[in-house]
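In the numbering used here, the protein residues as written are -15 to 276.
As structure tokens, the structure follows; a few thoughts come after it.
So, in structure tokens, the structure goes:
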């Protein structure tokens, strides 16, 4: 069954604003929403929403209705996404990624691991997070930095996707890690990746929407919370997130376009967290904050 992409071509700033708008329109419905840089020098970006063919008419109507007030000049275009074996396709030319002391690699690149590498094996699949996206790489680099300098006794990976960030924490520190995701497929994939990396006893995986989970209460409060999702839900969950963070704890936030960083920082400064550092990668930022 064909998948359809509806998209608007615009600037980086407007792409971020449209992403926020579409996130409000579709809420927690099962539609993927994303922004993509097309031409850095010319500042050309696309804001997209993905759906199945039979959903296209009603989704297009909602998108156009939402855009006409704030973005009346926006033109909604259409692309049919061909059916592809994405696992096989994504492995073609997928090279290992270095971030901090970590090397994230697929099973086809085990021979690339060098002495001193903290190797994480993740094959491209149904869940997000192979290390190649700027948000994942930024989180890995920040995890390395935080665990070098902070006392961390437990950690939460919220929106774990492939589990790569939870695995990274556990590989650096022998501490309990809780990895949660709203998507049961992601939770299953994360559990498989945890086992593949030989650390199943140290990471608990659970399907849970946001902070609505008995496991969070049982495992928390946390010295380290990592949330690599999107700016809009990060902003909304700021008050809840802080209640699960131990005094003196650290937060790593990503999935944030550079143009959205001030809104995210404002939300977490308002929740009495202190900004430590921001890492920039390919138009995306990773933000490290502390609780005093």
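Heads up, the beta-carbon is just placed ideally off N, CA and C, and yes, glycines get one too.
Values in this document were obtained by computation on a predicted structure and should not be read as measured data.
- DSSP places residue -11 in the strand class (E or B) of the three-state scheme.
- Excluding residues up to 5 positions away in sequence, 140, 162, 164, 192 and 228 lie with their Cβ nearer than 8 Å to the Cβ of residue 200 in the same chain.
- Judged by beta-carbon spacing, residue 187 lies within the 8 Å limit of residue 150, meaning their Cβ atoms are closer than that value.
- Contact annotation, residue 223 with residue 250: C-beta distance approximately 13 Å; criterion of less than 8 Å not satisfied.
- Residue 232 and residue 154 have their C-alpha atoms roughly 20 Å apart.
- Under the criterion of beta carbons closer than 8 Å, residue -4 and residue 27 qualify as touching, at roughly 6 Å.
- Annotation for residue 63: -11 place their beta carbon closer than 6 Å to its own, counting only its chain and skipping 5 residues before and after.
- For residue 273, the enclosing beta strand (DSSP E) stretches over residues 268 to 274.
- Contact annotation: residue 267 and residue 21 have beta-carbon atoms nearer than 8 Å.
- As a beta-bridge residue in DSSP terms, residue 162 pairs with 140 and 188.
- About 18 Å separates the CB atoms of residue 238 and residue 134; that is not less than 8 Å, and the two are not in contact.
- Under the three-state reduction of DSSP, residue 196 is assigned to coil, being neither helix nor strand.
- If you draw a straight line from the Cα of residue 178 to the Cα of residue 13, it is about 28 Å long.
- Under the 10 Å beta carbon count, residue 105 is surrounded by 16 or more other beta carbons and is classified as buried.
- DSSP lists 212 as the bridge partner or partners of residue 238.
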